[in-house]
Amino acid sequence: MSSKRNKSSQLKICCFCGLSQNNELEFGRFYEHGEIVTHYYCLLLSSNMQQRGKDDQGILGFLKKDMQKEIRRGKKLVCSYCKKTGATLGCCNVKCKKIFHYPCGLRAGTLNQFFGEFRSYCKRHRPKQKIDTAVKDKLAKTNEVVCYICYDQVDPRDIVSTMWAPCCKKNAWFHRKCVQELAMSAGYFFKCPLCNDKKLFQKAMLEFGIFIPSQDASWELVPNAFQELLYRHDQCDAPICLCPKGRKYTGSHAKWKLALCRTCGSQGIHVACGELKWPNSVWECVECISILGKSKEIASSSTIRDNLQNVSDSEDSDSDISVGKDSPIPFTSNLPFISSTPQMSMNPILYNDANSFNSSIRHFKSRLDKEANNIIMLDRDDNTIEANIKIYKFELNE
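Heads up: the sequence shown begins at 1 in the numbering used here, then just goes up one per residue.
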């Protein structure tokens, strides 16, 4: 019996709503000040509460005498939903007489705003989001809509538990609970998970009942969260380290100084082991050389395609056609052919007819296939023959 009494005496019960439920996401944190115990949101949204003190006084600036006064006022008021006393919230619509406990209002679909005057609205008078017409039209044609945070199905018609992001101007729907969890985690960095908009997204979410805490993001508050960023690589990664004192040694002598990879900094090598010049020792690790080499190849192939397109465009233009000359026009190519690759003119004007041109092309393609250096792809129209050269580099399979 004594253990049960101890447990009941330790159980926290909110002085405003009378509940002991500890759900920070829905009700905010539990705060204690003397004999007063309260959910943060119950305190924050009570109609007559005023923050008269400093942040370190009372409960975040709410003084004890003001809280006691509001609790006494609530004991005279009956909740419109549970029919019990202690209701301290009321609908801000001047014609509405509904009053309620904060948790009772949540269950009944009320809306609470955590900014400005900290207003509350009953379900009938709560503000509704204005959805773009284009989004509504698209919604009518869609069978399934998902929350872009949890990717579970969401009901856009449910104005209480569903929210829309106006910053994206598209079919961006979220569960209210998912948005609130994101806000509690991100704090100052709370922004749209789709378009990263911060100003418009925060304004809309605040207006429709999301509480954004004034704090750093949760990932910023983890102890030693960025400790690894202070680590500096401290060993030689050469296949064979020449230092007699080992890979970890870095001394005052120039040849045993450790040079880190200038790209990633996650690998290092002794000046002597890498045969580097001191003091201007620049070194890149094998992994970075491989990655940078591939990116250069991609850039090179892109340049080749651009050159080919320029050649094709110049051949199609009327300015290249010479009128009144019997001699064929020489074909000049500024394409970067490999020196060992056979070169020949691809201008159809140099050939008597289409058959001879096609025969030369087939011969040229067979030679290229044997050397495995370049591939020529040809396109032929009904009236004219055009040679569009596309070059692809690839490794020779030996």
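The beta carbon of each residue, even a glycine, is placed where N, CA and C say it ideally should be. These numbers were taken from a predicted model, which means no experiment stands behind them.
Item                                                                                                       : Value
Selected residue, minimal CA-CA separation from Gln113, among Gly90, Lys64, Lys130, Lys97                  : Gly90
Same chain, Cβ closer than 6 angstroms to Cys195, five either side skipped, listed in chain order          : Cys167, Cys168
Assigned secondary structure, Val94 (DSSP; H/G/I helix, E/B strand, else coil)                             : coil
Rounded C-alpha distance that separates Asp155 from Gly105                                                 : 21 angstroms
Span of the alpha helix (DSSP H), counted from its first residue to its last, around Ile269                : First-last for Ile269: 268-270, but that is the beta strand (DSSP E), not the alpha helix (DSSP H).
Simplified DSSP state of Ala140, which is helix, strand or coil                                            : helix
Residue span of the beta strand (DSSP E) that contains Glu32, given as start and end                       : 30-33
Residue interval of the alpha helix (DSSP H) (run including Val478)                                        : There is no way to answer for residue 478, as the model of the chain reaches only from 1 to 398.
Sequence-distant residues of its chain with Cβ nearer than 6 angstroms to Lys138 (five each side left out) : Asn171
Phe27 and Cys15 closer than 8 angstroms at C-beta                                                          : no
Near the ligand FAD: Thr263 beta-carbon under 7 angstroms from a heavy atom                                : No copy of the ligand FAD appears in this structure; indeed no ligand is present at all.
Whether Cys264 touches Cys236 by CB criterion (8 angstroms)                                                : no
Cβ-based burial, Ser120 [other Cβ within 10 Å; buried from 16]                                             : buried
Simplified DSSP assignment, three categories, for Leu260                                                   : strand
C-alpha gap between Thr133 and Lys198, whole angstroms                                                     : 23 angstroms
Alpha-carbon spacing of Arg176 relative to Leu182, whole angstroms                                         : 10 angstroms
Exposed unless 16 or more other CB atoms sit within 10 angstroms - verdict on Trp219                       : exposed
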